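Q:
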Amino acid sequence: MSGAMPQVRGTLTPDRSLDDLTWLRVGGPADWLFQPADADDLAAFLAALDPAVPVFPMGVGSNLIVRDGGLRGVVIRLGRGFNGIAVQGGRVTAGAAALDAHVARKAAQAGVDLTFLRTIPGAIGGAVRMNAGCYGSYVSDVLLYARAVTRAGAVVTLTPEDLKFGYRHSDLPDGWVLIEAVFEAPAGDPATLEARMTDQLARRDASQPTRERSAGSTFRNPAGFSSTGRADDTHELKAWKVIDDAGMRGATVGGAQMSRMHSNFMINTGGATAADLENLGEQVRKKVFQKSGIDLQWEIMRVGEPAPRK
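Each number in this note's numbering comes from the position in the sequence shown (counting from 1) with 320 added on.
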């Protein structure tokens, strides 16, 4: 990508490989990686950046496949200046780079129930962007408002109505960067909330390959909602169930595998390319459609360009 870039106070790195910034450890380079110092730095950069240059906000890379050819344009990754967490009464204000688990724990210590965030991999910006949820609770249930920087560099406040939340979805315009979210959640006894999160973690670690290189759930549940964790939870339209029924638990392409422990988790067993992972996912979608007529939808974001043909 040619052309002069705006001056910044943060870090602006050309031709930066992204593989070490994603949980799956795959992906080619971004033309530029920008790590802003603070919201003012981010807003000034976007205001000055040529409007024709694409911008991709990237969280902690927990729910992401960057293709092997990398990303054209500027990848924006928020860091230390955006990870604060403050609790006042029943309100929790969290920077977009704050980890979901940290927000849940800090809220619980103050007697605020955001426990559903404890087992969600990733940071708050991604949680808002994807309306993250589990155990029957979603970001949309507790979000008061979020703040974002538009592609043009303006700082705006967004309500849940503005974001038009759906299952694993929000209407955030391309190139807008979430910088902060404010939640309002029910009160709870800190010890009770802590015990609940400990139980959630134990259940997660018993059923999911948390020690492997994965990106969380690969596909959205066809039923259109997350697992509730309750005894009456139905599994017929869970992604893992239809993948099992199609015989794809443990399926592999190169170094990519659908986990034997949880068949809706895709793992990099070592040496997988982004193409391996995406091709495996597409094979799973094809087999599930042939078996059940269900068109599985990716939950993992796939971005960028494939590797050039040799």
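A virtual CB, placed ideally from N, CA and C, is assigned to each residue, including glycine. These numbers were taken from a predicted model, which means no experiment stands behind them.
Would you say the stretch 410-417 touches the stretch 484-501, given that touching needs at least three Cβ pairs under 8 Å?
A: In short, these stretches touch, since the Cβ pair count reaches three.
Q: Drop a sphere of 10 angstroms on the beta-carbon of Pro377, count the other beta-carbons inside from all chains shown, and report buried for 16 or more, exposed for fewer.
A: Taking the first residue of the sequence shown as 1, we reach residue 377 at position 57. Pro377 should be labelled buried.
Q: For Tyr455, list the residues DSSP reports as bridge partners.
A: Reading the sequence shown from its first residue, position 135 is the one you call residue 455. The partner list for Tyr455 (beta bridge, DSSP) is empty, contrary to what the question assumes.
Q: Starting from the C-beta of Ile385, find all residues in its chain whose C-beta is less than 8 Å away, skip the five residues before and the five after it, and write them out in chain order.
A: Within the sequence shown, residue 385 is the residue found at index 65, counting from 1. So the qualifying residues of the chain are Thr342, Leu344, Val346, Gly347, Ala535, Ala594, Leu597, Glu598, Ile620, Met621, Arg622 and Val623.
Q: Would you report the Cα separation of Trp560 and Ala474, rounded to the nearest angstrom?
A: In the sequence shown, the residue the question calls residue 560 occupies position 240. In the sequence shown, the residue the question calls residue 474 occupies position 154. In a straight line, the C-alpha of Trp560 is about 41 Å away from that of Ala474.
Q: Answer yes or no: do Asp335 and Pro349 have a C-beta to C-beta separation smaller than 9 Å?
A: Here residue 335 refers to the residue found at position 15 when the sequence shown is read from its first residue. Here residue 349 refers to the residue found at position 29 when the sequence shown is read from its first residue. Their beta carbons are under 9 Å apart, which means Asp335 touches Pro349 by this criterion.
Q: Which residues in the same chain as Pro542 place their Cβ atom closer than 6 Å to its Cβ, once the five residues preceding and following it in sequence are excluded?
A: What you label residue 542 is simply residue 222 of the sequence shown in a count that begins at 1. Contacts found: Leu557 and Ile614.
Q: Using only alpha-carbon positions, find the residue among Gly495, Ala364 and Gly390 that is nearest to Pro626.
A: Numbered from its first residue, the sequence shown carries residue 626 at position 306. Nearest to Pro626 by alpha-carbon distance, out of Gly495, Ala364 and Gly390, is Gly390.
Q: Three-state secondary structure (DSSP) at Ile614?
A: Counted from its first residue, the sequence shown places residue 614 at position 294. Ile614: coil per DSSP, three-state reduction.
Q: Just checking my contact of Leu419 with Ala443 at CB under 8 Å: how many whole Å lie between their CB atoms?
A: Taking the sequence shown and counting its residues from 1, the one referred to as residue 419 is at position 99. Taking the sequence shown and counting its residues from 1, the one referred to as residue 443 is at position 123. Right, their Cβ atoms sit about 5 Å apart.
Q: Could you round the C-beta distance between Val328 and Asp361 to whole angstroms and report it? I think they count as a contact, below 8 Å.
A: Working through the sequence shown from its first residue, we reach residue 328 at position 8. Working through the sequence shown from its first residue, we reach residue 361 at position 41. Their Cβ separation, rounded to whole angstroms, is 6 Å, which keeps Val328 and Asp361 in contact under 8 Å.
Q: Throw me the rounded Cβ distance for the Pro510 and Ala428 pair, which I believe falls under 8 Å.
A: Along the sequence shown, one-based indexing puts residue 510 at 190. Along the sequence shown, one-based indexing puts residue 428 at 108. Going by Cβ atoms, the distance from Pro510 to Ala428 rounds to 6 Å, so yes, they are a contact pair.
Q: Below 8 Å CB to CB, which residues in the same chain sit around Lys433 once its five sequence neighbours on both sides are set aside?
A: The residue you call residue 433 lines up with position 113 of the sequence shown. Sequence check: residue 433 is Asp here, not Lys. Only Ala427, Ala505, Pro506, Ala507, Gly508 and Leu513 meet the Cβ criterion.
Q: Take Val380 and list the residues in its own chain whose beta-carbon comes closer than 6 Å to its own, dropping the five residues that flank it on each side.
A: Position 60 of the sequence shown, counting from 1, holds the residue named residue 380. Gly442 and Ala443.
Q: Helix, strand or coil: which one does DSSP assign to Asp552?
A: Here residue 552 refers to the residue found at position 232 of the sequence shown. At Asp552, the pLDDT of 42 sits below 50, so the modelled position is not reliable and the matter cannot be decided from this model.
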